[in-house]
Amino acid sequence: MTPLSEQELHQLAMNIVGKEMEDQGFEFLAINSKPKKDPQYVALKKGKLHFVVVRAVRYPENPVVYDEKLMTTVRDHAVKYKARTFYAGVGIANNRDYEMPVHHEDDYVVNYAGLIEIK
Numbered sequence: 094m095t096p097l098s099e100q101e102l103h104q105l106a107m108n109i110v111g112k113e114m115e116d117q118g119f120e121f122l123a124i125n126s127k128p129k130k131d132p133q134y135v136a137l138k139k140g141k142l143h144f145v146v147v148r149a150v151r152y153p154e155n156p157v158v159y160d161e162k163l164m165t166t167v168r169d170h171a172v173k174y175k176a177r178t179f180y181a182g183v184g185i186a187n188n189r190d191y192e193m194p195v196h197h198e199d200d201y202v203v204n205y206a207g208l209i210e211i212k
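Read in order, the letters of the sequence shown correspond to residues 94 to 212 in the working numbering.
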């Protein structure tokens with residue numbers, strides 16, 4: 094069994110966050126699917142610009158805990174564009190055993206609390 098790579102886990106997280114944003118009426122202006130190339134999403138909603146940083150988080154790490162220094166840097170950049178800044182941490186674990194890596198052949202569970210605004 095082949096475990097998902099960092100890029101594949103990131104893509105999975107991007108898809109989960111992107112679908113939620115689409116369902117909430119966001120209009121995507123730019124999408125950057127490279128891990129750690131921030132922000133991943135630049136989007137409009139009701140005429141307001143949003144910067145969204147996406148992270149795939151492996152169990153047992155907590156997906157709502159973010160790198161404050163990074164998010165402050167992104168927020169400070171967003172302010173120049175009058176944009177709001179959000180963090181989207183997506184916890185991903187193997188459905189059979191949380192301690193095992195997520196494999197292509199396995200189901201997985203998602204722990205995603207939604208977009209967290211950085212003020």
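Backbone N, C-alpha and C fix where the C-beta goes; we use that ideal spot for every residue, glycine too. Predicted, not measured: the structure shown is a model, and the values here were computed from it.
| Check | Outcome |
| --- | --- |
| Cut-off 7 Å between Cβ atoms - residues of its own chain near Ala-99, not counting five sequence neighbours on either side | The residue you asked about is not Ala; residue 99 is Glu in the sequence shown. Same-chain partners within the cutoff: Pro-128. |
| Extent of the continuous alpha helix (DSSP H) to which Leu-102 belongs | 99-116 |
| His-170 versus Val-146: straight-line alpha-carbon distance, rounded | 13 Å |
| Rounded C-alpha distance that separates Lys-139 from Phe-179 | 16 Å |
| For Lys-212, the first and last residue of its enclosing beta strand (DSSP E) | Element bounds for Lys-212: n/a, residue is neither H nor E. |
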